[in-house]
Amino acid sequence: MACALLVTGYLGFVGSVSLLLPLAIALVWLGLTAWGAFDMRLGYFGKTYWRGNRQELQHIALTFDDGPTPYTHKVLALLKKYNMQATFFCIGKQLEEHPEIAVSIFENGHQIGNHSYSHSKQIGFFGLKNMLEEITHTDQIIKKVCNTTTSIYRPPFGVTNPTIARATKQLDKEVIGWSIRSLDTVIKEESSILKRIIPRLKPGAIVLLHDTSESTANLLEQLLIYMERKKLKSVTVDELLKK
Numbered sequence: 602m603a604c605a606l607l608v609t610g611y612l613g614f615v616g617s618v619s620l621l622l623p624l625a626i627a628l629v630w631l632g633l634t635a636w637g638a639f640d641m642r643l644g645y646f647g648k649t650y651w652r653g654n655r656q657e658l659q660h661i662a663l664t665f666d667d668g669p670t671p672y673t674h675k676v677l678a679l680l681k682k683y684n685m686q687a688t689f690f691c692i693g694k695q696l697e698e699h700p701e702i703a704v705s706i707f708e709n710g711h712q713i714g715n716h717s718y719s720h721s722k723q724i725g726f727f728g729l730k731n732m733l734e735e736i737t738h739t740d741q742i743i744k745k746v747c748n749t750t751t752s753i754y755r756p757p758f759g760v761t762n763p764t765i766a767r768a769t770k771q772l773d774k775e776v777i778g779w780s781i782r783s784l785d786t787v788i789k790e791e792s793s794i795l796k797r798i799i800p801r802l803k804p805g806a807i808v809l810l811h812d813t814s815e816s817t818a819n820l821l822e823q824l825l826i827y828m829e830r831k832k833l834k835s836v837t838v839d840e841l842l843k844k
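Quick note on numbering: the sequence shown equals residues 602 to 844 in this note's numbering.
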């Protein structure tokens, strides 16, 4: 009788483990997938460039998302004042609205990257057809406005998934992330934003900023003064990633 109970208990335990194991594996997979979707540095869905490899150079890359906007003028003036180059990941709609600013970006020697056409909050749920249209339409606008092409793409919100990976691979785009996220669209105090950036600012860093507000334009000069003092030079993403 005792043996029968032990066997029954053992079989019940094994059965429970058999049921729980797939569930545990599924939960771990979901967790990793969610993490990979929002942390581009993992390269979970495909190759992502988020920092430069040539640490011996005093180079970093300042990048500005979501423009062009009227605030871009001040950003460009400051970059020129301190002899720095940057990369601007432009939204297609913004390029249509401010083509003359896009031309100014390009003519001042900065790099233009693709940041989708709409920057929709639902872009992570787009199918392959719509995702391809988001990127190719913006490429067409960049070509029309600036008479140039771009091989780099930064996903809105830094979200990646299998569809975005397929689209960028199909269009031969290099996906660009960042090593320093300034949170300049969330944090209001300029000093707090600088405190996020400066301790992490090392050779090879890619810094995410936005040319969409007065506060970012204001703090930029303080950041450039610090970089000049530390002999750090901002270059384009292409230059930073050059082998």
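Glycine included, each C-beta is placed from N, C-alpha and C at the ideal position.
Problem - Range covered by the alpha helix (DSSP H) that runs through Gly693 - result: The sequence position of residue 693 within the sequence shown is 92, counting from 1. Taken as a continuous stretch (DSSP letters only), the alpha helix (DSSP H) holding Gly693 covers Gly693 to Glu698.
Practice task
Provide the residue span of the beta strand (DSSP E) that contains Asp666, from first to last.
Solution key: Along the sequence shown, one-based indexing puts residue 666 at 65. Residues His660 to Gly668.
Handout entry: Alpha-carbon spacing of Gln712 relative to Glu815, whole angstroms
Key = The residue you call residue 712 lines up with position 111 of the sequence shown. The residue you call residue 815 lines up with position 214 of the sequence shown. Roughly 22 Å between the two C-alpha positions.
Problem - DSSP state of Gln686 mapped onto helix, strand, coil - result: Position 85 of the sequence shown, counted from the start, is the residue given in the question as residue 686. Three-state DSSP puts Gln686 in coil, outside helix and strand.
Handout entry: Of the residues Ala678, Ser717, Phe690 and Gln723, the one placed nearest Asn709, counting alpha carbons only
Key = What you label residue 709 is simply residue 108 of the sequence shown in a count that begins at 1. Out of Ala678, Ser717, Phe690 and Gln723, Ala678 has the C-alpha closest to the C-alpha of Asn709.
Exercise for the section: Find the nearest neighbour of Glu735 within the set Ile692, Val808 and Val776, judged by alpha-carbon distance. Expected result: Walking along the sequence shown from the start, residue 735 turns up at place 134. With distances taken between Cα atoms, Glu735 lies closest to Ile692.
Handout entry: Residue from Phe758, Lys744, Leu795 and Lys730 whose Cα sits closest to the Cα of Gln771
Key = Along the sequence shown, read from residue 1 onward, the residue named residue 771 stands at position 170. Nearest C-alpha to Gln771: Lys730.
Exercise for the section: Please determine if the region 687 to 707 and the region 740 to 752 are in contact, where contact requires at least 3 C-beta pairs separated by less than 8 Å. Expected result: yes
Problem - the region 653 to 668 / the region 684 to 691 touching (three or more Cβ pairs under 8 Å) - result: yes
Handout entry: Segment contact, 8 Å Cβ cut-off, at least three pairs: the region 783 to 799 with the region 757 to 768
Key = no
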